[in-house]
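Enquirer: Quick note: the sequence shown uses the numbering used here, first residue 273, plus one each step.
Where is the CB? At the ideal position from N, CA and C, for every residue including glycine.
Dumping the structure here so I can ask a few things about it.
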Amino acid sequence: MADVDVLAGKSGNLEVSITHSGSTNLEYLKIIIKSWGDGTVYMLFPEGGPWDNVRIRKDIESGYTINEAEFSNLGLIGEGTLTFEYLVTPICAFNYPVEVRVDFVLAEGIKRYKGTAYYAYDFCSG
Numbered sequence: 273m274a275d276v277d278v279l280a281g282k283s284g285n286l287e288v289s290i291t292h293s294g295s296t297n298l299e300y301l302k303i304i305i306k307s308w309g310d311g312t313v314y315m316l317f318p319e320g321g322p323w324d325n326v327r328i329r330k331d332i333e334s335g336y337t338i339n340e341a342e343f344s345n346l347g348l349i350g351e352g353t354l355t356f357e358y359l360v361t362p363i364c365a366f367n368y369p370v371e372v373r374v375d376f377v378l379a380e381g382i383k384r385y386k387g388t389a390y391y392a393y394d395f396c397s398g
């Protein structure tokens, strides 16, 4: 019903893409990027809009920087595939992977489906 893909590049770029069937609509989306130390995450909003009901948050917890983008009531924006581009800096300043968590809610008529996807990337290995 839904497919969440996260692509990572060695330069610290991440691409988070949510694809779902044509009979469903993406109602809610939360993307959390967690990196060790005082990391900065830059997010490029996809084209389209208007981007109402968006909450952006940055927090420090137990040595990790947590960057969260939360989108609710997506309306027409949630009808198709959504792709978000991120740049995580600094990379290779720590020996821990960058973690990505994606929470979402799909609607199909009166039915609601919740999903979560987890990914971890070590940008500095290899």
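Looking only at its chain, what residues have a beta carbon closer than 6 angstroms to the beta carbon of L279, apart from the 5 residues adjacent to it on each side?
Expert: Around L279: E287.
Enquirer: Exposed or buried, Y393, counting other C-beta atoms within 10 Å across all chains shown (16 or more means buried)?
Expert: Buried, because 16 or more other Cβ atoms sit within 10 Å of the Cβ of Y393.
Enquirer: What number of angstroms, rounded off, separates the C-alpha of C396 from the C-alpha of N285?
Expert: So the two alpha carbons sit approximately 13 angstroms from each other.
Enquirer: Exposed or buried, which one is K330 when buried takes at least 16 other CB atoms within 10 Å?
Expert: The residue in question, K330, is exposed, as its Cβ has fewer than 16 Cβ neighbours within 10 Å.
Enquirer: Per the DSSP calculation, G387 is bridged to which residue(s)?
Expert: Partner(s): F376.
Enquirer: Measuring straight from C-alpha to C-alpha, what distance separates S295 and L354?
Expert: For S295 and L354, the distance between alpha carbons rounds to 15 angstroms.
Enquirer: Thinking C-alpha only, which one of P369, Y390, N325 and L378 is nearest G352?
Expert: Among P369, Y390, N325 and L378, the Cα nearest to that of G352 belongs to L378.
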